[in-house]
Structures are given as C-alpha cells and as structure tokens.
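Chains C and L, in that order, give the protein sequences. Using this note's numbering, you'd call the opening residue of the first sequence number 2 and step up by one each time. Using this note's numbering, you'd call the opening residue of the second sequence number 3 and step up by one each time.
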Amino acid sequence: MNVEFKNINKHFGPVHANADINLFIKSGSIFGILGENGAGKSTLMKILSGFNQPDSGEILLDNKSVKIASPADAIKYGIGMLHQDPLDFPPMKLIENFIVGQKGGLVPAYKTVVKEFQELQKKFGFSLDPESFVDTLTVGERQQLEILRLLWMGANALILDEPTTGISAMQKEKLFAALKILSEQGKTIIFVSHKLEDVEILCSKVAILRKGVLTGEMSAPFDSDKLVEMMFGKVIKLGEKYNFTQEEVVLELNNLTIEQYPLRIENVNFQLRAGEVIGLAGMEGSGQDILLRACVGLIRPVSGKVIEKGINLSNKNYLEYLKSGVSFLPASRLEEGLVPGLTLAEHFTIAGEEKKGLFVNKDYFKKKAESMIQEYRIIGRPDLNVESLSGGNQQRAALSLLRNSLSVILLEHPTRGLDIESAIYMWGKLKERCRQGASIFFISGDLEEILQYSDRILVFFSGHVSPPLDASKTTLDQLGQLIGGKGWDQVFD
Amino acid sequence: MNKTKTQSFSLFFQLGGLLLSLLFVSGILLIVKAHPTEAYKLIWDGAIGNPTRIANVFVGWVPLLLVTSGLLATFTAGLWNIGIEGQITVGAIFTTGVMRMFLGTSTPFFVVIIIAILAGMLGGAIWAGLVGVLKTFGGVNEIFGGLGLNFIATALNIGLIFGAWSRPGIASMSGTEPFPDQYWLPTLQNFRVSLWSIGLGIIGLFLIYFMLNGTHFGLRLKAVGKGMKSAFRMGIPTWQHMMMAFIICGLFAGLAGALQVTAVYHRLIPSISSGYGFMGLMIAMLINYQAIWVAPIALFFAALNIGGIQLPIVLKLDSSLTGVLQGSLVLFMMIAQGLRQKFLGKK
C-alpha cells in the first residue's frame, strides 16, 4: 500500500508539531522516519493511525484520499501502529489479547485462533506461548505479540514507533528479520526512530524531521554525518570520558543471593566506590533489573548483605534506603517514576528535601520548578501535568527530581527515549554528581552508552554476573559477545 | 479555543446535565400521573417555605458537609470509602455510650457533650481504620471491607437499641431513651438547628480544604491517589498515607454521627446515619472532588431532602422521589462531564 501525506499541519497550542509535511512512502518499502525528541515524528504517525486529526492536509492511501477518524478506522484501512509503550492488557492471557480486537462473533473461535496464531508466529520465528500471561512477557515479546495481532487483523502498513527501545539485541535481530519478511510480502513498514544505527541497517529510505519540519529525505546507502546534520543541524561527537572514582566504598554487596522467578543470582560480591559509574550490561531479563532492585530494598535478598556506607541495610525497605541516600529511577516513567495528574511543581514539592513545613510554599516550588526546567532543558511549565510532557521531557523531569544529597543513584535506562544530544547533556549532569562523590549503577540496553559512561561494567547472562570489567579496556565487540553468553571463559578465568 | 469560551462550554454541559436529570424525573412523575411543576414547587416550598423548614435544611446540611469533607480525603488518596455509613453509625454509638456513662454523674453537661463528641470521632476513626487495616494487611478491597463493616455497624446499632440500651420496659424502633435536655447541644430557640453543629461543619470543611490544597500532607495524599507506585518511589510511605486518609474520613464521619445524637435526635435511633454517607459519596462525585463546591451542593441536597418530605403529604408520592432526583442528577452530571471531556479534550 502506498502511503502519502499531503500538506499535513498540526498544532498543539503554540507548538507547530507538523509543518506542511509532504511525504510519499512506496508500497513494500521499509521507510525510516528519523528525528530527535519532539521533532514531530510521533505526531505524524498518530495522524496516520487515527489517534490525532490533522489541522489541515490530507492522507492518500494508494492515491485515494481517506479520512482516518480513529485507530479502529485506521486498521480498517489496513494501517496498524505499534506504540512505544505496548497497548495491551497485561493481566490477560496472550491469546486473549490477540482475540480481543477481533470483530464479530459472539463466542471467539478460540481453537482456530490459536492455530492461526501458531502458524503466523512460525513465519517470523517467534516463539510465544499463547497460554502465558502478558505481564510475564518482556517488552520485546509484547512487541512481537502486537505485530502478530496487527497483521492478523489485516494490517497492510505497519507503523513502528521507537520499536528498539527496551528490547534486547537478540529480539532486535528477530524484529528486523520479521520486518524484512513483511516488506518482501509487499507490506509497507514505517519505522520511526531516533537511532541512526537502526535506521541505517534496516531502512531503504528515510525522511528526517526537525522541529516539525521535513528537513530532507535520503535513500540507502546513508551518509551518517549528513543524517546527523539533518537531524540536529550540526554534527555531534561524544564527549571526553571522565573518571571520578575515589577510594571510599559506598555500597558493598556481600555474598548476595537474590531470587525472582525464573532467575536466581548467587553470591554476588561487589564494592561500589564513591564517584564511580557502573554499567550493568546484558540482554533484557538477564538479572540486572533484579540486582538493581535488590540494591535499594525493593527485592529482599535470600541471603547475603547489602551494606551502604558501613550500615547493613539488607532487610530494610525502600524508604529506609532512600533515607540513607540511595535512590532508584525505574524505566517505566509514568508507572513508577512520575505521578500522572500532578504538575511539575508538585513533583518538586514532593521530591524536595527542603521547606518541609506543614504548608506548601507554592511560590518557592514554582520557582524551583522553573529553574530546574531551565537547568534540565525540559520543555514544559511548572503548572503542567507531567503526563502532558513528551516522553523525552518526562525522562528529563524524572532525572531532575533526583535529590541532590544522594550518595548512590540506581538508574534503569536513564537515557531511553532521549536523542543523542539530550543524552550527552543528561550524562553531563550525572557525571557532575559523580564528581561531587555520588556513585551510579545503571542498566542500559545501549552498549555504546555503557562503554562510554561506565568506569566498570558488570555483565549479566541468564542470572550469572561477571566480575567487574574495566570499561576503558573493553571493546564493543567483546561486550556484545559477553552479553550473548560467549567468551566468558577467556575473559574471566 | 480560548479560555472563556472553554469555560462557557463547560457550563453548557453542566447545565445540560441538570436539565436532563430534571427531564428524567419529570418523565417519572408523568408516568405516576403527577404533575411535575407541581411536584417541583412543592419541593421548593417544602425546603424554604418557612423559617422552620429552612432551619431543617441546615440540620441536614451539617452531616452532609462533614461526611463529604471527610470523603474528599479518601477520594484524594484514591480510595472508595463505602464504609462511611458504618463509620457514622459507630460514631453515634460511641457518643451515645459515653453519654450514658456520664448520665446522672456530677460532671458538667458541656464537658460530657464534648467528651461524647470526641468519643464519636474516635469511634468513626476506629471503624474507618479497620477498613484500612483490612485493605493493607488483609488484602481486602476497601469497597468490600467497608460494605461488610456497614452491615456489622447496623447490626450492632440495632442490637444495642433493642438489647443493652433498650428503653426500660419497651424496646422499640424509636430508639433509646432520650437524654435529658441539659445534655442536648444547644439549638436556636424554637428551631431544631444548632449553631454549634453548623460551626463544626464549616470548620471541618475549611480544615479539609486547606489540608488538600495547601499542605505537604495533602499533596502527598494526592500523589498516592494518582500514582501509588511512583509516589512510593518518590519516598512517600503509601499505606501509611492511605491509613491516614481513612482515619481522617472516619473522624469526620464519627463527628457527623456524634452530632446526629447530641444535636438532632438526642438518642440513638436505628437509622442514625440516615443515608448521609451514601449521599456524601454522590456529592463528592458530583462536584468532581473539588472542596470548594462542597458547601453549596450539600445545601442543595439537604434542601431536596427536606423539601421532599412534602411529596407524600400533599401528592401521596413516596418521598424517595427526591432520592431519584439526586441520583439521576449525579448520573447525568457525570455523563455531562464525560461528554465535555470528549468534546473539549482534557479538562
């Protein structure tokens, strides 16, 4: 199906999110939409998938002008969108999720659907268990489910919004292979991303958006420097590496054994030094999230100790860890990080350590929010509810809320959803804290990020934790092998 | 769309909701062959026709004020305190119990009244705290826990009225032996309304308003209600805050019950909570949990209650018709709110 945008305009208040966009996407191609956070990629795709209506302009499918009034409308036209956060029903079985969008019939033809599901997933080499519950799946598996569901419902064009955030390298490979099969079948794939690397290996053509404007299109093979220039208006290089590690040990894991079905991590011994940054590398679900949560009292260890600045906190709860200066920023921003329905200023009021009288000093926290908005380059206002910020800005807000007095900061995908420039800026902020003596433990699916910002690296592979690696002596290749479970004997003997 | 236009649009939807509920009730009136305008006029006259009636409206206003204020605390924390009826009842029971203990002693009357009212608040808080304990430590949803405790409270109340506290010689639905009038909370001369109650109701509302809109505690409560996991992650002890919300609501409900005993009925009666708890839930939903609207809407509901008394007397209609009007009002207003959000995007 050919997809064409004609003079699409969309405003959100004063923001011109899409300015006169004209784009033609050929049937059977994998078409990339590239741009930094807030460039207008998601807006354009939401218009195509019926979530938003354009202020003006039209959409043509196979040269026919259509009006897509709702997501249900979109799927009727054969357009399916895979969202950044999967829109599924976690407490339900996978197959129930699969059936739920189906039209017609009082009683779902359960057996037939299971069969169809199995056949469909075989084509793409997925191995999902239709009887398992969605909340036991990883983000990558939920994505696979969603793709299958959209195809099954008759999608001819698939929109994928930042599909590679939050999935493991192996799942990414599977995803890309599946997308290639689909394009060969003549389906149109629209791949929205801010990751150059993904776009370069996958797409045959890309369009670049910047601040709501289409700045250019390019066909493969791509010139990376030029793409970056079109995205940002200038060329960006990763900064110098800094190491602020001091002698003092701030967090010590002593023969720590933790268990969370189906993983068991045994006998972890580790010392985190002041000012140090430790990257936790591994495929998603290899145990790094469990270890991180055990370091902050969200999971009780089976045995062993967590010692913070000489104090044994092993069986204390999260709030006591927080009191002693350990904080945790989880990956799911609006579920565990920020409170939807509360304004930015209210967030600073709650998270702040100062002015804790009976009454809220609203002026003070409004000013504080204003200054943090400036400092962390958040696009928003103190009186805006957090859920109305864009994903990248929510992440910035979450990072800006971390207290100043923290001695250990645990981060889950700290720059997920941020473009390169913002990610560099955020790490600048984090490293500044390290210089003042704070230590960081962070999980990332981005190996380059781990190599660039960590001082030492712990590699996870199905519940095994490696001894610490010196980041400056580790290569990308080596790390990639290790998280895939290869080469452990050579490195750690 | 500019701001004033949005506001007038919202008003349009609200008025639409009001109109629809009036139409709905008119339809019902027509079905039972009564004349709608006549019925509405009766309710109106019944509520403000003479000073006694106006005073009676304020008698009903006080418990609604208190109960709705209390419920704002639990709603803010994201909790459905269905158990509010039981909390009013237990408050009334505690108050009656304390009064009975002091009857015939030499303790000054006003001291007895104060202790009795405090005991009532304690009773309400205990009953609400139980809902919280069941939720936190027993994993019982507050709606089920509250509902169960409502039944227990009612049974306890009836048991006392017909058993341990029954009037000498007779046990009747009219309640326990009335207290001597020295033990009554003073009312205006010739009227049933007590300025003390009204004062307490207004103070209660102010306290809740400032707690929710100005204090750190109120903000934390809001955070717990809007996103429990995130709130916990930001360092808020969540179950403790929910427990506090229950206890605060229980204090208010208990006070309402205590005032029903000391200022209105001067004894314990079987239906001491008079459905004020459920009505408070309706008001809270109707005003979309905005403390600023509690006073006028509670007054309106109280007026409907008192005005509705005229319906059986004059038109031979059941007075529960005002309940239908109140219920449909909430329903249609919520529909209107839903439609408004649909057409105007978010509030």
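By construction, the Cβ of each residue, glycine as well, lies at the ideal position given by its N, Cα and C atoms. On a predicted model such as this, the values are computed, not experimentally measured, just so you know.
Within 9 angstroms, strictly: CB atoms of residue i and residue j
i: L:Gly48; j: L:Gly310; result: yes
i: C:Leu385; j: C:Thr350; result: no
i: C:Gly418; j: C:Gly393; result: yes
i: C:Leu330; j: C:Leu411; result: yes
i: L:Leu1; j: L:Leu13; result: A question about residue 1 of chain L goes unanswered here, because the residues of chain L that appear run from 3 up to 349.
i: L:Leu214; j: L:Ser199; result: no
i: C:Ile498; j: C:Met284; result: Absent from the model: residue 498 of chain C. The displayed extent of chain C is 2 to 494, so no value can be given.
i: C:Glu253; j: C:Val327; result: no
i: L:Lys231; j: C:Glu321; result: no
i: C:Ile148; j: C:Phe118; result: no
i: C:Gly488; j: C:Arg404; result: no
i: L:Gln343; j: L:Met284; result: no
i: C:Leu323; j: C:Ile291; result: no
i: C:Leu480; j: C:Ile458; result: yes
i: L:Ser71; j: L:Ala293; result: yes
i: L:Leu124; j: L:Phe96; result: yes
i: C:Ala398; j: C:Tyr377; result: yes
i: C:Leu257; j: C:Ile266; result: yes
i: C:Ser184; j: C:Gly141; result: no
i: C:Asp496; j: C:His84; result: Only positions 2 to 494 of chain C appear in this structure, which leaves residue 496 of chain C out of reach.
i: C:Ala424; j: C:Glu450; result: yes
Within chain C, the residues that residue i reaches when beta carbons sit closer than 9 angstroms
i: L:Ile315; result: By Cβ distance, chain C contributes nothing, its closest Cβ being about 47 angstroms from L:Ile315, past 9 angstroms.
i: L:Gly80; result: The contacting residues do not exist; L:Gly80 stays about 10 angstroms from chain C at best.
i: L:Gly126; result: None at all; the shortest Cβ gap to chain C is about 24 angstroms.
Nearest to residue i (by Cα), restricted to the options the options
i: C:Phe177; options: C:Glu230, C:Phe127 and C:Gly381; result: C:Phe127
i: L:Phe60; options: L:Val27, L:Gln312, L:Met175 and L:Gln262; result: L:Gln262
i: L:Leu190; options: L:Ile119, L:Asn58 and L:Asn159; result: L:Asn58
i: L:Ala247; options: L:Gly122, L:Ala225, L:Asp320 and L:Ser168; result: L:Ala225
i: L:Gly150; options: L:Gln89, L:Met123, L:Phe345 and L:Gly106; result: L:Gln89
i: C:Leu228; options: C:Asp471, C:Phe32, C:Val200 and C:Gln437; result: C:Val200
i: C:Asn10; options: C:Val4, C:Leu24 and C:Phe271; result: C:Leu24
i: L:Leu288; options: L:Ser321, L:Ala255 and L:Ala338; result: L:Ala338
i: C:His465; options: C:Leu161, C:Val492 and C:Asn268; result: C:Asn268
i: C:Glu260; options: C:Gln272, C:Gly51, C:Gly288 and C:Leu49; result: C:Gly288
i: L:Arg102; options: L:Pro182, L:Gly216 and L:Gln292; result: L:Pro182
i: L:Asn143; options: L:Asn159, L:Phe193, L:Asn83 and L:Gln184; result: L:Asn83
i: C:Gln172; options: C:Cys204, C:Ile202 and C:Thr139; result: C:Thr139
i: L:Val69; options: L:Leu341, L:Ala297, L:Ala305 and L:Asn307; result: L:Ala297
i: C:Ser28; options: C:Gly438, C:Ala73 and C:Ile80; result: C:Ile80
i: C:Pro164; options: C:Val193, C:Arg382, C:Glu371 and C:Val278; result: C:Val193
i: C:Glu433; options: C:Glu450, C:Ile421, C:Tyr454 and C:Gly446; result: C:Tyr454
i: C:Arg382; options: C:Trp153, C:Val278 and C:Glu347; result: C:Glu347
i: L:Ile56; options: L:Ile160, L:Tyr42, L:Leu120 and L:Arg194; result: L:Arg194
i: C:Val361; options: L:Leu21, L:Asn52, L:Ile172 and L:Thr217; result: L:Thr217
Contacts of residue i in chain C (Cβ-Cβ under 7 angstroms)
i: L:Pro239; result: Leu320
i: L:Ala233; result: Val340
i: L:Gly171; result: What L:Gly171 touches in chain C: nothing, since even the nearest Cβ is about 53 angstroms away.
i: L:Gly85; result: Per Cβ cutoff of 7 angstroms: no residues; L:Gly85 is ~25 angstroms from chain C at best.
Contacts that residue i makes with chain C (C-beta to C-beta distance below 8 angstroms)
i: L:Met236; result: Val340, His348, Ile351, Ala352 and Leu402
i: L:Gly206; result: Simply none; closest approach about 18 angstroms.
Contact test: residue i Cβ vs the ligand NAP heavy atom, cutoff 8 angstroms
i: L:Gly165; result: Absent from the structure shown: the ligand NAP. Ligands present: none.
Chain L contacts from the region 320-354 of chain C (Cβ-Cβ distance under 9 angstroms): Leu320, Leu323, Lys324, Ser328, Phe329, Leu330, Pro331, Ser333, Arg334, Leu335, Glu336, Glu337, Gly338, Leu339, Val340, Pro341, Gly342, Leu343, Glu347, His348, Thr350, Ile351 and Ala352
Closer than 7 angstroms, Cβ to Cβ, to anything on chain C: give me those residues from the region 212-227 of chain L, in chain order. Gly216, Thr217, His218, Leu221, Arg222, Lys224 and Ala225
Can you list, in chain order, the stretches of the beta strand (DSSP E) that have 3 or more residues and sit fully within the region 344-420 of chain C? 409-413
Using a beta-carbon distance cut-off of less than 7 angstroms, what residues from the region 355-373 of chain C approach chain L? Lys357, Leu359, Phe360 and Val361
What are the complete alpha helix (DSSP H) segments, minimum 4 residues, inside the region 109-197 of chain C? 111-124, 140-153 and 170-185
Go through the region 107-159 of chain L residue by residue and report every complete run of the alpha helix (DSSP H) that reaches 4 residues or more, in order. 111-140
Complete alpha helix (DSSP H) runs within the region 174-243 of chain L (minimum length 4 residues, chain order): 197-216, 218-228 and 230-235
Short-range partners of chain C found in the region 310-343 of chain L, where Cβ spacing is below 7 angstroms: For the region 310-343 of chain L, no residue has a beta-carbon sitting nearer than 7 angstroms to a beta-carbon of chain C.
Unbroken stretches of the beta strand (DSSP E), 3 residues or longer, contained in the region 262-310 of chain L: Those beta strand (DSSP E) runs which fall completely within the region 262-310 of chain L and span 3+ residues do not exist here.
Just by C-beta distance, which residues in the region 257-271 of chain L are closer than 9 angstroms to chain C? none
Interfacial residues, the region 129-152 of chain L to chain C, with Cβ spacing under 9 angstroms: none
Going residue by residue through the region 4-69 of chain L, where are the continuous alpha helix (DSSP H) segments of at least 4 residues, counting only ones entirely within it? 5-33 and 38-50
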